[in-house]
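*Asks:* Just so you know, we're using my numbering here: the sequence shown kicks off at 48 and counts up by one.
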Amino acid sequence: MERRLYKAAAEGDVASLLDLLKEDPLILDRCTAWSYDETPLHVAAMLGHEKFVDEILDRKPELAGELDSRKLSPLHLATAKGYLGVVKKLLRMNVDMCYARDKYGRNPLHVAVVKDRVNVLKELVRESPHAASHKMEHGETILHLCVKHSNLEALKLLVETVGDHEFVNSKNDDGDTILHLAAADKHTETINFLMSCTPVEANSLNRNGLAAHDLLEQSGIEPMTTMALPSKANDQRIASPVQQKGSKKNVKKQYDWLERKKNALMVVASLTATMAFQVGVNPPGGFWQDTNQGDASTKPHHAGFSILADNYPVAYSRFLAINTLGFLASLSIILLLVSGLPLRRRFFMWILMVIMWIAITSIAFIYGLSITVLTPSPERNAIYEIIGFGIFAWAGLMVLLLVGHTIRLVLMAARNVKKIVTRSSSASLVMHQDSV
């Protein structure tokens, strides 16, 4: 009798079903209790027999929630074959089956995308839009499936109905968004749609630190339709093993440069901080060893006080201010380097180097001031000339460094602006062509 039931389901023979139910009213119940791979409803739904499906659902509606050995529901099978009428009947009976997952983690909406059943997908999304947000294995969303299976129509439908910012920018376990996948597979039409009609984040990086534009470039093409993609200016390329090897070398080279700079800055900052501290607590000229109230020929002084402060109060004030500046600059560098902050970019290294310039310049000024006040008056003119020449040479070197770095930064900024303008112009041209 069971064989006759499954034959009737395969043929969609409603009359035979009714005859079997008269002979054994519990025959449908036995199907759920026996260890069959699939129920008669699975067979009828897979073959699109709407009337047969109606008869079974009227008598045994809970069969709509049964799963076969592959964890497929009747809704999965009807969706895969594109039988919209059957899908509507199953949804009317049990809409929660939109959330049922097969052994691959796919619900009926995922199956509709894979099989390119856009009309069925529209009905499923209308009845259960939240099911579209469920992720599959490897963290992929239904939008990732759309791109992987080149189903642009399904992608447009989903973006229009449930495409909020978070959903559109969801990442899989590799950190790839749908824009990454579209760029990697060279789906230019999909890229244009995402860039013009969705809130996709074009500069989002995957786990390899690559933006969508980087994945597009590694494919070896640069079509006009994809020029709108902004670049992350990332030097990593994975188009070939040779490029991968070169990329790793470049990254390692930059990392080594930063480490060398950090180590050098730490050593120099420690030395300048030590020098500034020693000069601060032991100023040039030393301290008075006795206390003298003073008389007509001498000034009063007290033991332990700085001789320089009493004899040259203005020079001592300048000495103290410049020395404190250099000391604090050196301590700032040491603090930043040991703070654990991610100082892995050249920009931060340049900031630390500028602070170091301040510290070193302070040491140079302290040296010149100390030499001046410690030199006897008759010989100070010669000292002034030497110090003047030294200040002129030092200032020239500082100006040269500043001008060189300024020119370098201006050129880099100009190149970046040129790239942005070029991409913007290309994007405008693409949008104009699309509108035409």
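Each residue gets a CB set at the ideal place from its N, CA and C atoms; glycine is no exception.
Alpha carbon to alpha carbon, what distance is there between V142 and N216?
*Replies:* The residue given as residue 216 occupies position 169 in the sequence shown. The residue given as residue 142 occupies position 95 in the sequence shown. Rounded to the nearest angstrom, the two C-alpha atoms are 27 Å apart.
*Asks:* Relative to the C-alpha of E33, which residue among K98, A80, H96 and R117 is closest?
*Replies:* Given a span of 48 to 483 for the chain in the structure shown, any question on residue 33 remains unanswerable.
*Asks:* Which residues in the same chain have their Cβ closer than 7 Å to the Cβ of V167, if we skip the five residues on either side of it in sequence?
*Replies:* Locating residue 167 in the sequence shown gives position 120, where the first residue counts as 1. Taken in chain order, the residues that qualify are T126, G129, L131, V134 and A159.
*Asks:* Closer than 8 Å is the cut-off here; do at least three beta carbon pairs connect the segment 305 to 315 with the segment 398 to 410?
*Replies:* A contact exists between the segment 305 to 315 and the segment 398 to 410.
*Asks:* Can you give the Cα-Cα distance for T235 and G186, rounded to whole angstroms?
*Replies:* Within the sequence shown, the letter at position 188 stands for residue 235. Within the sequence shown, the letter at position 139 stands for residue 186. Roughly 24 Å separates the two Cα atoms.
*Asks:* Leaving out five residues before and five after C193 in sequence, what residues of the same chain have Cβ atoms less than 8 Å from its Cβ?
*Replies:* What you label residue 193 is simply residue 146 of the sequence shown in a count that begins at 1. If we look at C193 and ignore the five residues flanking it on each side, its Cβ neighbours are V160, L199, A201, L202, L205 and I225.
*Asks:* According to DSSP, is F99 helix, strand or coil?
*Replies:* Position 52 of the sequence shown, counted from the start, is the residue given in the question as residue 99. The answer is helix: DSSP assigns F99 an H, G or I state.
*Asks:* By the three-class DSSP mapping on this structure, what secondary structure does F334 have?
*Replies:* Along the sequence shown, one-based indexing puts residue 334 at 287. Three-state DSSP puts F334 in a strand.
*Asks:* Taking only three categories from DSSP, how would you classify S364?
*Replies:* Here residue 364 corresponds to residue number 317 of the sequence shown, with the count starting at 1. The answer is helix: DSSP assigns S364 an H, G or I state.
*Asks:* On the three-state DSSP scale, how would you describe S197?
*Replies:* In the sequence shown, residue 197 corresponds to position 150, counting from 1. S197: coil per DSSP, three-state reduction.
*Asks:* E97 and K136 look like a contact to me (Cβ under 8 Å); what is the Cβ gap, rounded to whole Å?
*Replies:* Working through the sequence shown from its first residue, we reach residue 97 at position 50. Working through the sequence shown from its first residue, we reach residue 136 at position 89. E97 to K136, Cβ: 7 Å. Contact.
*Asks:* Apply the 10 Å Cβ neighbour rule to H227 and answer buried if 16 or more other Cβ atoms are within range, or exposed otherwise.
*Replies:* Along the sequence shown, read from residue 1 onward, the residue named residue 227 stands at position 180. Looking at its Cβ environment, which holds 16 or more other Cβ atoms inside 10 Å, H227 is buried.
*Asks:* Mind checking who H212 pairs with in its DSSP beta bridge?
*Replies:* For the purposes of this step, residue 212 is taken as residue 165 along the sequence shown, with counting starting at 1. DSSP lists no partner for H212.
*Asks:* Do M140 and A178 come within 8 Å of each other at the CB atom, strictly closer than that value?
*Replies:* Here residue 178 refers to the residue found at position 131 of the sequence shown. Here residue 140 refers to the residue found at position 93 of the sequence shown. Result no, Cβ atoms of A178 and M140 do not sit closer than 8 Å.
*Asks:* Closest to E70 by CA distance: which of R51, T86 and P87 is it?
*Replies:* Here residue 70 refers to the residue found at position 23 of the sequence shown. It is R51.
*Asks:* Just to confirm the assignment, what range does the alpha helix (DSSP H) spanning A230 have?
*Replies:* To locate residue 230, count along the sequence shown from 1; it is residue 183. Segment I225 to A231, the alpha helix (DSSP H) holding A230.
*Asks:* Please report the distance separating the alpha-carbon of D220 from that of L367.
*Replies:* Within the sequence shown, numbered from 1, the residue matching residue 220 stands at position 173. Within the sequence shown, numbered from 1, the residue matching residue 367 stands at position 320. If you take the alpha carbons of D220 and L367, they lie about 58 Å apart.
*Asks:* Among residues of its own chain, excluding the 5 on either side of L372, which ones have a beta-carbon nearer than 6 Å to its beta-carbon?
*Replies:* The residue you call residue 372 lines up with position 325 of the sequence shown. If we look at L372 and ignore the five residues flanking it on each side, its Cβ neighbours are S409.
*Asks:* Does the beta-carbon of P246 have 16 or more other beta-carbons within 10 angstroms, so that it is buried, or is it exposed?
*Replies:* Against the sequence shown, residue 246 aligns to sequence position 199. So P246 counts as exposed.
*Asks:* Quick check on the burial criterion: 16 or more other C-beta atoms within 10 angstroms. Buried or exposed for A429?
*Replies:* Stepping through the sequence shown from its first residue, residue 429 is reached at position 382. A429 should be labelled exposed.
*Asks:* Using DSSP's beta-bridge definition, name the partner residues of S353.
*Replies:* Sequence index remark: in the sequence shown, residue 353 carries index 306 (1-based). Beta-bridge pairing links S353 to F334.
*Asks:* Would DSSP call N339 helix, strand or coil?
*Replies:* As a first step, residue 339 must be located in the sequence shown, where it is residue number 292. In this structure, N339 counts as strand in the three-state DSSP scheme.
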